[in-house]
Amino acid sequence: MFDKTLKSLAAAAAVLLTTDVRAGEPPKKTAELLEKGKASFAVNCASCHGAKGEGDGVAAAALNPRPRNFTTDQLKNGAKVGQVFETLGKGMQGTAMIAFSHLSEDERWALAYYVIDLRAKSPKAKKK
Ligand code: HEC
Numbered sequence: 055m056f057d058k059t060l061k062s063l064a065a066a067a068a069v070l071l072t073t074d075v076r077a078g079e080p081p082k083k084t085a086e087l088l089e090k091g092k093a094s095f096a097v098n099c100a101s102c103h104g105a106k107g108e109g110d111g112v113a114a115a116a117l118n119p120r121p122r123n124f125t126t127d128q129l130k131n132g133a134k135v136g137q138v139f140e141t142l143g144k145g146m147q148g149t150a151m152i153a154f155s156h157l158s159e160d161e162r163w164a165l166a167y168y169v170i171d172l173r174a175k176s177p178k179a180k181k182k
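Going letter by letter, the sequence shown gives residues 55 to 182 in the working numbering.
1. What three-state label does DSSP hand F154 in the structure shown?
2. Within the present structure, is the beta-carbon of G111 separated from the nearest heavy atom of the ligand HEC by less than 8 Å?
3. In chain order, which alpha helix (DSSP H) runs of at least 4 residues are fully inside the stretch 95–161?
4. Classify A179 as helix, strand or coil using the three-state DSSP reduction.
5. Would the C-beta of L165 count as close to the ligand HEC, meaning under 8 Å from any of its heavy atoms?
6. Given 8 Å as the limit, is there contact between the stretch 151–168 and the stretch 84–91, that is, 3 or more CB pairs closer than that?
7. Is there contact here, the stretch 124–131 with the stretch 89–108, by at least three beta-carbon pairs under 8 Å?
8. Determine the closest residue to P80 out of F95, A114, G136, with distance taken between C-alpha atoms.
9. Since G111 contacts A100 with CB under 8 Å, what's their CB separation in whole angstroms?
10. Between F95 and S62, what straight-line distance do the alpha-carbon atoms span, to the nearest angstrom?
11. Tell me which same chain residues have a C-beta within less than 6 Å of the C-beta of T149, skipping the five on either side of it?
12. In whole angstroms, what separates the C-alpha of S158 from that of M151?
13. Under three-state DSSP, which class holds G91?
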């Protein structure tokens, strides 16, 4: 009886862990997903990161640390799509970069690909 309870608890914990830690594999990068990321970026991110991701949004000057310039700056948490996805889910503690876990996973993947694409298209970006 006790043993059975333990087993189902362990199973429940395993499910929680897998959904929490590994938020699924990245979806395929498509033109459609990038478009979605671009649209979401304009709404959710441009106020700080700027319309082109250059870290110069209207709110940027008042912030310390300043929002990342995606066309030049390195990404502290890494620049792989899964790492940017994670940053979006968790935010960056002690900064204006809040967690965007209220956005759907699909939207966060779209944003992650879009941010990476901004970097990839910039000759100035320090790639990491
Ligand atoms: C209220 C302002 C604000 C908004 C809105 C905002 N950010 Fe940020 N973001 C910041 C700041 C400030 C930093 C720099 C934090 C630091 O230096 O530790 C940052 C950093 C980042 C980083 C860098 C992470 C790294 O590894 O260095 C990424 C990626 C990012 N933001 C993506 C986004 C995306 C995508 C959105 C929209 C969904 C968004 N941000 C919205 C302020 C903002």
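Yeah, the Cβ is synthetic: ideal placement off N, Cα and C, and Gly gets one too.
So, from the listed chains and residues:
1. Coil.
2. True, at least one ligand heavy atom lies under 8 Å from that Cβ.
3. Segments of the alpha helix (DSSP H) lying fully in the stretch 95–161: 100–103, 135–144.
4. Three-state DSSP puts A179 in coil, outside helix and strand.
5. Here the distance from the Cβ of L165 to the nearest heavy atom of the ligand HEC is below 8 Å.
6. Note that the stretch 151–168 touches the stretch 84–91; at least 3 beta-carbon pairs, one per stretch, sit closer than 8 Å.
7. Contact between the stretch 124–131 and the stretch 89–108 is established, with three or more Cβ pairs separated by less than 8 Å.
8. Taking only the C-alpha atoms, the option nearest P80 is G136.
9. Contact between G111 and A100 is confirmed by a C-beta separation of about 6 Å, below the 8 Å threshold.
10. So the two alpha carbons sit approximately 41 Å from each other.
11. So the list reads P119, once near-sequence residues are dropped.
12. Counting only the Cα atoms, M151 lies some 17 Å from S158.
13. Here G91 carries a helix assignment [DSSP, helix/strand/coil].
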